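In what follows, a structure is listed as structure tokens, so that the remarks can point back to it.
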Amino acid sequence: MPPKTTPSPNIIGIYGLPGAGKTTILSQLRLTGDMSPAYYDYYEGSEVIDSIVDGGLAAFKQLPHADKQRHRATAIRHVGDEARRSGKGAIVAGHFMLPATSGESDDDLDTELQQVCTDADLDTFTHIVYLQADPEVVRRQRAGDQRRARKALPADELGRWQQAEMRGLFELCVDFGIVFAVVVAAKGRTLRRIVDLCAFWSTGEEENVDAALDKVREQVDSARLEQAKTIVVFDADRTLAPYDSGVMFTDEADADGYLGHQDDKMGGLLKRVFGGPLGYSHRAFQQVSVMLEGLVYRSAHSLELQDLYDATCDLVAGHIGMYQDMIMHLGQLTWNQDILPVVVTCGVRQVWDKVLQRENLRVPVIGGGRAKDGYVVTPE
Numbered sequence: 034m035p036p037k038t039t040p041s042p043n044i045i046g047i048y049g050l051p052g053a054g055k056t057t058i059l060s061q062l063r064l065t066g067d068m069s070p071a072y073y074d075y076y077e078g079s080e081v082i083d084s085i086v087d088g089g090l091a092a093f094k095q096l097p098h099a100d101k102q103r104h105r106a107t108a109i110r111h112v113g114d115e116a117r118r119s120g121k122g123a124i125v126a127g128h129f130m131l132p133a134t135s136g137e138s139d140d141d142l143d144t145e146l147q148q149v150c151t152d153a154d155l156d157t158f159t160h161i162v163y164l165q166a167d168p169e170v171v172r173r174q175r176a177g178d179q180r181r182a183r184k185a186l187p188a189d190e191l192g193r194w195q196q197a198e199m200r201g202l203f204e205l206c207v208d209f210g211i212v213f214a215v216v217v218a219a220k221g222r223t224l225r226r227i228v229d230l231c232a233f234w235s236t237g238e239e240e241n242v243d244a245a246l247d248k249v250r251e252q253v254d255s256a257r258l259e260q261a262k263t264i265v266v267f268d269a270d271r272t273l274a275p276y277d278s279g280v281m282f283t284d285e286a287d288a289d290g291y292l293g294h295q296d297d298k299m300g301g302l303l304k305r306v307f308g309g310p311l312g313y314s315h316r317a318f319q320q321v322s323v324m325l326e327g328l329v330y331r332s333a334h335s336l337e338l339q340d341l342y343d344a345t346c347d348l349v350a351g352h353i354g355m356y357q358d359m360i361m362h363l364g365q366l367t368w369n370q371d372i373l374p375v376v377v378t379c380g381v382r383q384v385w386d387k388v389l390q391r392e393n394l395r396v397p398v399i400g401g402g403r404a405k406d407g408y409v410v411t412p413e
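To convert, count from 1 in the sequence shown and add 33; that's the numbering used here.
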């Protein structure tokens with residue numbers, strides 16, 4: 034199927050277990066100044082269904098599964114139509130799986146889970162965020178929910194439900210060209226992470242170039258920039274050293290597999306992304322950046338996210354030894370005021386920052402690897 038080529042508006046789905054905190058996050062996004070209503074409209078999936086079904090949500094719950102799926106498809110198409118009409122993005126909270134015979138209720142796991150995400154969802158969403166919460170925390174939140182009557186479920190059952198959702202969504206997103214991110218629910222950081230992702234995903238290709246150039250300006254003294262008559266660009270990986278830092282980064286962070294894919298190394302998953310509908314597009318590299326972050330952030334319920342990322346970059350940089358002639362060549366160029374050397378990598382910028390710093394080379398690096406960097410580097 035063809036990739037989604039329209040850069041805007043972004044239509045972002047927020048999924049997670051019932052009781053994981055999706056509604057709370059949606060309410061917080063509505064209120065935060067970082068996510069101005071001028072750029073996004075916000076939808077609770079059940080509220081949209083309530084507004085389009087005769088008899089509302091109560092009547093919807095009594096319908097057979099096929100009819101519910103039809104209304105769910107109508108609801109997300111309505112959201113997509115509104116986004117295209119207004120030109121504003123949309124953020125939608127909804128369900129991916131529910132127990133097969135419990136209707137819209139999530140109170141019973143005595144039956145098999147069934148997918149309630151529709152083809153219309155997969156055709157409409159450009160990005161999906163999965164809110165991964167500690168199953169024990171979800172269990173407690175469900176027990177304390179005053180608004181909804183939820184059946185008490187053990188943490189291990191909730192954990193299996195969550196793993197099934199993450200694996201299923203990841204597979205579908207790869208197949209349909211949807212950018213997918215797991216956000217680990219961590220007190221005080223979840224909202225900030227989602228805001229950063231939305232800002233990152235809103236950066237189009239033209240803004241991406243501007244952001245990369247701004248990064249060079251941040252790293253180079255303004256007088257040095259003005260004096261330079263020539264900019265010499267070096268490809269970092271396999272040019273400055275006989276290594277691919279991106280592959281090394283994934284190997285370093287890959288010990289436990291990604292989203293339960295213990296038998297499939299990250300390199301194989303990245304090939305699937307680039308071999309899918311996204312190809313080697315700007316959006317594909319945004320997906321890869323989010324996946325690389327996810328490797329080191331996935332278990333960070335209590336650890337500082339930046340510390341984990343920095344530590345992984347330190348480990349990778351420590352294994353990269355530059356060619357001696359390249360060290361000498363770059364060193365000579367840094368002393369020539371008429372020439373500004375710049376290192377570019379499609380991989381993780383921070384790795385090459387550390388490698389160059391170790392060799393006492395003050396050379397600006399253009400590269401991505403994190404949503405907070407605000408840009409990606411593609412082969413073009």
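All C-beta atoms, glycine included, are put in the ideal place defined by N, C-alpha and C. Everything numeric in this text was worked out from a predicted model, so none of it was measured.
Could you check if residue i is buried or exposed, using at least 16 other CB atoms within 10 Å of its CB as the buried criterion?
i, result
"Asp139", "Because the pLDDT at Asp139 is just 49, under 50, the model does not fix this residue reliably, and the value given afterwards should be weighed accordingly. With 16 or more other Cβ atoms within 10 Å, it is buried."
"Glu285", "buried"
"Ile399", "buried"
"Thr65", "exposed"
"Thr263", "exposed"
"Tyr48", "buried"
"Tyr356", "exposed"
"Met361", "exposed"
"Val266", "exposed"
"His98", "exposed"
"Leu302", "buried"
"Ala218", "buried"
"Ser255", "exposed"
"Ser332", "Low confidence applies to Ser332: its pLDDT is 47, below 50, so where it sits in the model is not reliable, and the reading given next is rough at best. Exposed, because fewer than 16 other Cβ atoms sit within 10 Å of the Cβ of Ser332."
"Gly407", "buried"
"Leu90", "exposed"
"Val86", "buried"
"Asp296", "Unreliable placement is indicated for Asp296, whose pLDDT of 46 sits below 50; no coordinate value is reported for it."
"Ala288", "The pLDDT assigned to Ala288 is 49, lower than 50, so where the model puts this residue is not dependable; a value taken from the coordinates is nonetheless given after this. Ala288 is exposed by the Cβ-count criterion."
"Val242", "exposed"
"Arg63", "exposed"
"Lys101", "buried"
"Arg103", "exposed"
"Pro412", "exposed"
"His334", "The pLDDT assigned to His334 is 45, lower than 50, so where the model puts this residue is not dependable; a value taken from the coordinates is nonetheless given after this. His334 is exposed by the Cβ-count criterion."
"Leu363", "buried"
"Pro168", "buried"
Compare the Cα-Cα distances from residue i to each of the options and report the closest residue.
i, options, result
"Gln320", "Ala197, His98, Val212 and Ile82", "Val212"
"Thr151", "Glu80, Leu164 and Leu131", "Leu131"
"Thr157", "Val242, Ala99, Arg105 and Ala244", "Arg105"
"Pro51", "Arg103, Phe318, Leu186 and Ala99", "Leu186"
"Leu325", "Ala317, Thr283 and Asp406", "Thr283"
"Ala153", "Ala219, Asp74, Gly127 and Arg110", "Arg110"
"Gln196", "Lys304, Gly210 and Leu164", "Leu164"
"Asp74", "Arg181, Asp371 and Ser60", "Ser60"
"Arg257", "Phe129, Asn393, Ile372 and Leu311", "Ile372"
"Gly5", "Val112, Asn393 and Phe318", "Outside the shown range of the chain (34 to 413) lies residue 5, about which nothing can therefore be said."
"Trp277", "Val388, Glu239, Gln260 and Thr159", "Here residue 277 is Asp; the residue named in the question, Trp, does not match the sequence. When each option's Cα is compared against that of Asp277, the closest is Val388."
"Arg193", "Val410, Val162, Leu146 and Asn43", "Leu146"
"Asn469", "Ser235, Thr107 and Leu341", "The displayed coordinates of the chain run from 34 to 413. Any statement about residue 469 would go beyond what the structure contains."
"Ala244", "Ser41, Val410, Ala188 and Tyr342", "Val410"
"Asp208", "Ser79, Phe307, Gln260 and Met281", "Phe307"
"Leu341", "Gly327, Gly354 and Ser322", "Gly327"
"Ser322", "Lys405, Val242 and Glu259", "Lys405"
"Gly300", "Met281, Ser314 and Leu246", "Met281"
"Arg181", "Arg316, Leu394, Ile353 and Thr56", "Thr56"
"Gln365", "Gly354, Gln390 and Leu394", "Leu394"
"Val112", "Glu80, Gly351, Lys94 and Glu392", "Glu80"
"Asp268", "Tyr72, His315, Leu96 and Pro374", "Pro374"
"Ala261", "Asn369, Leu191, Arg316 and Asp343", "Asn369"
"Pro275", "Phe233, Asp358 and Arg305", "Asp358"
"Ser119", "Ser41, Phe93, Phe129 and Asp83", "Ser41"
Can you give the beta carbon distance from residue i to residue j, rounded, assuming they're within the 8 Å contact cut?
i, j, result
"Gly54", "Ala166", "7 Å"
"Asp270", "Gly380", "6 Å"
"Ile45", "Cys231", "7 Å"
"Thr367", "Val396", "6 Å"
"Glu77", "Ala126", "5 Å"
"Leu273", "Val376", "7 Å"
"Val149", "Ala214", "Actually they are not in contact, since the Cβ atoms of Val149 and Ala214 sit about 21 Å apart, beyond 8 Å."
I'd like to confirm the pairing. Which residues does DSSP put opposite residue i in its beta bridges?
i, result
"Phe267", "Val376"
"Glu77", "Ala126"
"Phe213", "Ile161"
"Pro412", "DSSP, once it has assigned bridges, lists no residue as partnering Pro412."
"Ile360", "Paired residue(s): none; Ile360 is not in a bridge."
"Ala274", "Asp270"
"Gly401", "Val381"
"Ile58", "DSSP output for Ile58 lists no bridge partner at all."
State whether the segment 196-208 contacts the segment 243-252, with contact taken as three or more CB pairs (one from each stretch) at a distance under 8 Å.
In this structure the segment 196-208 does not lie against the segment 243-252, because fewer than three pairs of beta carbons, one per stretch, are closer than 8 Å.
If contact is defined by three or more beta carbon pairs under 8 Å, each pair taking one atom from either stretch, is the segment 167-174 in contact with the segment 222-240?
no
Answer yes if the segment 339-355 comes into contact with the segment 381-389, meaning at least three C-beta pairs across the two stretches below 8 Å, and no otherwise.
yes
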